[in-house]
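Chemist: Sharing a structure with you now.
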Amino acid sequence: MDRFESDLEEAARDELDRACTLGWRQLAAHTPWGDTFEGFTPGGREVCFERSYLWEGEARGDIRVELTVYQREAYEQGVRLTRTIAREDR
38 MDRFESDLEE
48 AARDELDRAC
58 TLGWRQLAAH
68 TPWGDTFEGF
78 TPGGREVCFE
88 RSYLWEGEAR
98 GDIRVELTVY
108 QREAYEQGVR
118 LTRTIAREDR
């Protein structure tokens with residue numbers, strides 16, 4: 038992995054951690070939902086953060102959080118990470 042990819046991945050991991058700070062109950066009311074915003078990587082690159090909260094399978098089940106970090110002109114070279122937030126009452 039080169040420094041460019043490593044920088045994007047570090048930014049994606051950090052933002053994914055933030056995206057998962059709310060619990061299932063708080064997120065379920067807003068799922069499915071997503072947004073895109075601009076920010077900076079730890080290395081100072083200007084990038085876009087695309088965040089989505091989706092149902093993993095059936096509605097009101099587990100929530101899949103998807104996070105993609107990319108430079109505006111190079112979406113295909115971005116880094117995409119996912120994490121699942123399990124439904125709390127199981």
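Residue numbering for the sequence shown follows our numbering, starting at 38 and increasing by one per position. The C-beta atom is built at its ideal place from N, Cα and C for all residues, glycine as well.
One question on the structure: do arginine 101 and tyrosine 90 come within less than 9 Å of each other, judged by their Cβ atoms?
Modeler: yes
Chemist: In chain order, what residues of the same chain lie with their CB nearer than 8 Å to the CB of arginine 62, ignoring the 5 residues before and after it?
Modeler: Cβ-Cβ distances below 8 Å link arginine 62 to Glu125 in the same chain, with the five nearest sequence neighbours on each side left out; the list follows chain order.
Chemist: Considering only the beta carbon of each residue, do valine 84 and alanine 48 sit closer than 9 Å?
Modeler: yes
Chemist: To the nearest angstrom, how far is the alpha carbon of aspartate 72 from that of alanine 65?
Modeler: 16 Å
Chemist: Are there 16 or more other CB atoms within 10 angstroms of the CB of phenylalanine 86, so buried, or fewer, so exposed?
Modeler: buried
Chemist: Can you tell me which of Glu110, Ala111, Leu104 and Gln108 puts its alpha carbon nearest to the alpha carbon of leucine 118?
Modeler: By alpha-carbon distance to leucine 118, the top candidate from Glu110, Ala111, Leu104 and Gln108 is Leu104.
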